[in-house]
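Using the UniProt record's numbering, read the sequence shown as starting at 1 and increasing by one per residue.
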Amino acid sequence: MIKEVFLKDEKTQRAFARSIEIIGEAVKNISNDIIVKYKEVPWRNIAGMRDKLIHSYFSVDYEIVWDVAKNIIPEFKCQLIKIMDAEKNEN
């Protein structure tokens, strides 16, 4: 998807924003042991994105949602895959 299409599609905008909210909420439930062990992951920033979206009921900035979805979430996904592989191999 390209940015221009995203910015014109309200349904997709809301879906992306909701997905970011869910990811942020999930991060808040990750054990402290994992957070301490993998300090290179921006856990607080990821969780904070959720808070910013939830508390901006009337003014979600979909330019920011686009940026997060295209630039931050893919890197975060790669980090999570590496963590899951490392944890699986340890156990």
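Note that CB positions come from ideal geometry on N, CA and C, so glycine has one too.
Measuring alpha carbon to alpha carbon, tell me which residue in V5, A26, Q13, I81 is nearest S59. For the purposes of this step, residue 59 is taken as residue 59 along the sequence shown, with counting starting at 1. Here the closest residue by C-alpha is Q13.
Beta strand (DSSP E) runs contained entirely in the stretch 44-87, provided each spans 3 or more residues: Taken in chain order, the complete beta strand (DSSP E) segments of 3 or more residues contained in the stretch 44-87 number zero; there are none.
Below 8 Å on the Cβ atoms is my contact criterion, and I expect I46 with F76 to pass it. Report the Cβ-Cβ distance as a whole number of Å. Stepping through the sequence shown from its first residue, residue 46 is reached at position 46. Stepping through the sequence shown from its first residue, residue 76 is reached at position 76. Taking 8 Å as the upper bound for CB-CB distance, I46 and F76 are in contact here, some 6 Å apart.
Is DSSP giving K39 helix, strand or coil here? For the purposes of this step, residue 39 is taken as the residue at position 39 of the sequence shown. K39 falls in the coil class under three-state DSSP.
Roughly how many angstroms lie between the CA atoms of K37 and D61, to the nearest whole one? What you label residue 37 is simply residue 37 of the sequence shown in a count that begins at 1. What you label residue 61 is simply residue 61 of the sequence shown in a count that begins at 1. Taking the straight line from one Cα to the other gives about 33 Å.
Can you tell me whether S31 is helix, strand or coil according to DSSP? The residue given as residue 31 occupies position 31 in the sequence shown. In this structure, S31 counts as coil in the three-state DSSP scheme.
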